[in-house]
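There are 2 protein chains.
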Amino acid sequence: MDPSQVSVPLLKDLTIDNITENVHAINSQCPDSRLKYLLERLVSHVHDFARETRLSTNEWMTAINFLTAVGKICSDVRQEFILLSDVIGLSLLVDSIDHPKPSSSTEGTVLGPFHTHDAETTDNGGVISHDPTGTPCLVLCTVKDTSGNPISGVKIDVWETDSKGKYDVQYEGRTQPDGRAVLESDNEGVFWFKAIVPVPYPIPHDGPVGKLLMLLKRHPYRPSHMHFMFEKEGFDHLITALYLRGDPYETSDAVFGVKETLLVDLGSADAEQARKYEVEEGGKLMTYDFVLVSDSEAKELREKEAMKAMESLGRKMKLYQGLPIPDVD
Amino acid sequence: MDPSQVSVPLLKDLTIDNITENVHAINSQCPDSRLKYLLERLVSHVHDFARETRLSTNEWMTAINFLTAVGKICSDVRQEFILLSDVIGLSLLVDSIDHPKPSSSTEGTVLGPFHTHDAETTDNGGVISHDPTGTPCLVLCTVKDTSGNPISGVKIDVWETDSKGKYDVQYEGRTQPDGRAVLESDNEGVFWFKAIVPVPYPIPHDGPVGKLLMLLKRHPYRPSHMHFMFEKEGFDHLITALYLRGDPYETSDAVFGVKETLLVDLGSADAEQARKYEVEEGGKLMTYDFVLVSDSEAKELREKEAMKAMESLGRKMKLYQGLPIPDVD
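Heads up: the sequence lines are chains U and R, in that order.
Its first residue numbered 27, the first sequence is counted upward by one per residue in our numbering.
Its first residue numbered 27, the second sequence is counted upward by one per residue in our numbering.
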């Protein structure tokens, strides 16, 4: 690039006090106003962090090495940066911001790093877990809109660990998916499948994120839960999970995902259910009525909350593709 | 870990508004008060960043993928996280905080990702670059303390690119170091060596950091410079560089390293110098008088500036191993 084309301020003699405004100045050439705003806030926060902590060169190098190790351990079946985001509460926060829920709808929670795109499509009634030592559990749910109308044809991803607390992808030599499936709600908005009772498990803690948790004296456990993801044109994507009430880790989830409204008590299948769904009478039963928000409801709420947050920060902003950018004339 | 041993608040129903205080609460079990403070500030800034930008799930995933790519491209000879830190001005900031300089001493600047630990020890007068197409340059310097006394026995690391703007480690199949050496100052605090005239070069921009610079419409160039690092017991580590005045990128360095006091004009060797240092008369000559700060001067200044910064932030802090931590009774 021809340096004479660079219309930036003279970057020289940068100090603790003037480096931030100068980085902003050179980044202000960015033609994408959303990216420019993201970078402006990011650089401000990173610099303030260093100034407020008087970050030492040794600590900086420790952070560089930590982030490098986080990247290095990522693979097709392990996403350590998502794990890092999860354990610092960022994942829960971003989901809450991006998927606001009216009180009548099902709350969201963290996606986690174990969703895959290779789960098999299963008819209602399908067996999603083939772990013989798991306790069988019939899962019987409905999915409706906020007015109480059943929604048919919703694509539902479900995934859970085996009875040892491990997802299929955590086993070397995995040849096919297990403990996961893709279902579709029927005309009554009903979907059901045969799974196993979820168990608590530690998030992968043999890597850099596990070391960080150890230094913080935090345990790596998640309470027993089953993941659900709902997709249908016209409805806001819902990433959520159901948690077993009374789990020992119910109030200390390593990734901050538990919500009161997502806690369930397991029931047992009565004679009629046993016959209808072909399970043992008295076997474990998990039921839940999910409520999806329409895209337009979610968009309206998201934008209203975004502008409210911007106002409370005293920033003059406008929305661009639903996301705030500075409102400069 | 036995969950009954976890003395944390009940983490449930976490929202945009209460997630931060709850993450702080669970991290507050950390026995290392400096790490606890670093995490507290880090989590606050990361969360505020997400709240202030209303970070979307898509943007979050883009960031996760970006950081993963930054980690993946790191190798024994490439440190993309340092590069990222450099281009957002963090490296310059951390160096300024950790190595404060009294006005009588030589300023520091960014280390960059190309220092290695395998440079050969060279006697004064040694040839550090074997690039036949480089323009030979005699480098003749002194190193003194802030009272003007020469310092002997200082270990000096120097490194520069070849005439094509590439460091040795950027070539595949590198078998031995070149364009770098470790020297020692003599009894008069003098050190000299035979190098080549530095040239401008782009930082590695074929990776994720290069892509970011392109999105920001920033060029990846650094002005011509030669790196120097000084180490001697009792003196604050000095990481610095000399820049050629008048370089086309003098005021738009991609990593914000240029300082007025570190700009040099190349001279030419006179007849006596040519004879004494065994170079061609009229050949390029770079001279500089470096001034090191003693450990105790640096420590005093660092701690004074840290406490001043904490006071201006209104934080009640104390120093622990020279770094601020909250002063809680």
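Beta carbons: idealized from backbone N, C-alpha and C, even for Gly.
Predicted model only: the values in this text are computed from it and were never measured.
_Where aspartate 232 of chain R meets chain U, residues with beta-carbon distance less than 7 Å_ = Residues of chain U passing the Cβ test: none, with the nearest at roughly 15 Å.
_By the DSSP assignment, the alpha helix (DSSP H) with phenylalanine 92 of chain U in it spans what residues?_
83-99
_Would you say cysteine 167 of chain U lies against chain R (beta-carbon separation less than 8 Å)?_
no
*Given glutamate 198 of chain U as reference, the closest of U:Asp144, U:Arg104 and U:Val180 once Cα atoms are compared*: U:Arg104
*Would you be able to state if there are at least three C-beta pairs under 8 Å between the segment 42-56 of chain U and the segment 298-305 of chain R?*
no
*Compare the C-beta of methionine 27 of chain U with all C-beta atoms of chain R and state if any pair is closer than 8 Å.*
In this prediction, methionine 27 of chain U has a pLDDT of 47, which is less than 50 and means its spatial position is unreliable; nothing more can be read from the coordinates.
*Is serine 59 of chain R closer than 8 Å to isoleucine 351 of chain R when the C-beta atoms are compared?*
yes
*Hey, could you find the ends of the alpha helix (DSSP H) aspartate 74 of chain R is sitting in?*
59-79
*Using the rule of at least 16 other Cβ atoms within 10 Å of the residue's Cβ for burial, across every protein chain shown, is proline 57 of chain R buried or exposed?*
exposed
*Whose Cβ in chain U lies nearer than 9 Å to the Cβ of aspartate 39 of chain R?*
Glu133, Val284, Lys285, Glu286 and Thr287
*asked:* I need the DSSP call for isoleucine 45 of chain R, collapsed to helix, strand or coil.
replied: helix
*How many Å lie between lysine 342 of chain U and alanine 51 of chain U at the Cα?*
19 Å
*Answer with yes or no whether the minimum CB distance from cysteine 377 of chain R to chain U is below 8 Å.*
Lying before the first or after the last residue shown, residue 377 of chain R is absent from chain R, which here runs from 27 to 355.
*When the Cα atoms are used, what is the spatial distance from glycine 138 of chain U to isoleucine 108 of chain U?*
7 Å
*Would you list the one or two residues that DSSP bridges to aspartate 315 of chain R?*
R:Thr168
*Name the two residues that bound the continuous beta strand (DSSP E) containing alanine 145 of chain U.*
First-last for alanine 145 of chain U: undefined, no H or E at that position.
_Ranges of the alpha helix (DSSP H) found wholly within the segment 231-283 of chain R, counting only runs of at least 4_ = 234-241
_Nearest-angstrom Cα separation, counted from phenylalanine 140 of chain R out to valine 195 of chain R_ = 7 Å
*Between the Cα of lysine 190 of chain R and those of R:Asn53, R:Val223, R:Val169 and R:Val72, spot the shortest distance and give me the residue it belongs to.*
R:Val223
*Out of curiosity, what's the CA-to-CA distance linking arginine 77 of chain R and glutamine 347 of chain U?*
17 Å
_Please list, in chain order, the chain R residues whose beta carbon lies closer than 8 Å to that of threonine 370 of chain U._
The requested residue 370 of chain U does not occur in the structure, where chain U is confined to residues 27 to 355.
*For the segment 267-277 of chain U against the segment 114-126 of chain U, are there 3 or more C-beta pairs whose distance is under 8 Å?*
no
*Would you say the segment 316-326 of chain U touches the segment 78-96 of chain R, given that touching needs at least three Cβ pairs under 8 Å?*
no
*Based on the DSSP secondary-structure assignment, which residues constitute the bridge partners of cysteine 13 of chain U?*
Because chain U in this structure spans residues 27 to 355, residue 13 of chain U falls outside the shown range and cannot be described.
_Straight-line Cα distance separating aspartate 262 of chain R from aspartate 291 of chain R_ = 27 Å
*Could you tell me which chain U residues have their CB closer than 7 Å to the CB of valine 354 of chain R, listed as they occur along the chain?*
The premise fails here: valine 354 of chain R is roughly 16 Å from chain U at the closest Cβ pair, so nothing lies under 7 Å.
*Beta-bridge pairing of lysine 325 of chain U - partner residues as DSSP gives them*: Lysine 325 of chain U is not bridged to any residue.
*Own chain residues within Cβ distance below 7 Å of glycine 260 of chain R, not counting five before or after*: Ser320 and Asp321
*In three-state terms, what does DSSP make of aspartate 102 of chain R?*
coil
*So what does DSSP say about glycine 338 of chain U, is it helix, strand or coil?*
Note that residue 338 of chain U corresponds to serine in the displayed sequence, not to glycine. DSSP places serine 338 of chain U in helix when its eight states are reduced to three.
*Can glycine 97 of chain R and isoleucine 154 of chain R be called in contact, C-beta distance under 8 Å?*
no
_cysteine 163 of chain U and tyrosine 314 of chain U - do their beta-carbons sit closer together than 8 Å?_
no
*asked:* Check whether the segment 246-253 of chain U and the segment 173-181 of chain U are in contact - that is, three or more C-beta pairs closer than 8 Å.
replied: no
*asked:* With the cut-off set at 8 Å, would you say glycine 151 of chain U and phenylalanine 219 of chain U are in Cβ contact?
replied: yes
_Taking only three categories from DSSP, how would you classify isoleucine 52 of chain R?_
helix
*Can you pull the chain R residues whose beta carbon is under 9 Å from the beta carbon of tryptophan 185 of chain U, in chain order?*
Neighbours of tryptophan 185 of chain U on chain R: none; closest Cβ ~18 Å, over 9 Å.
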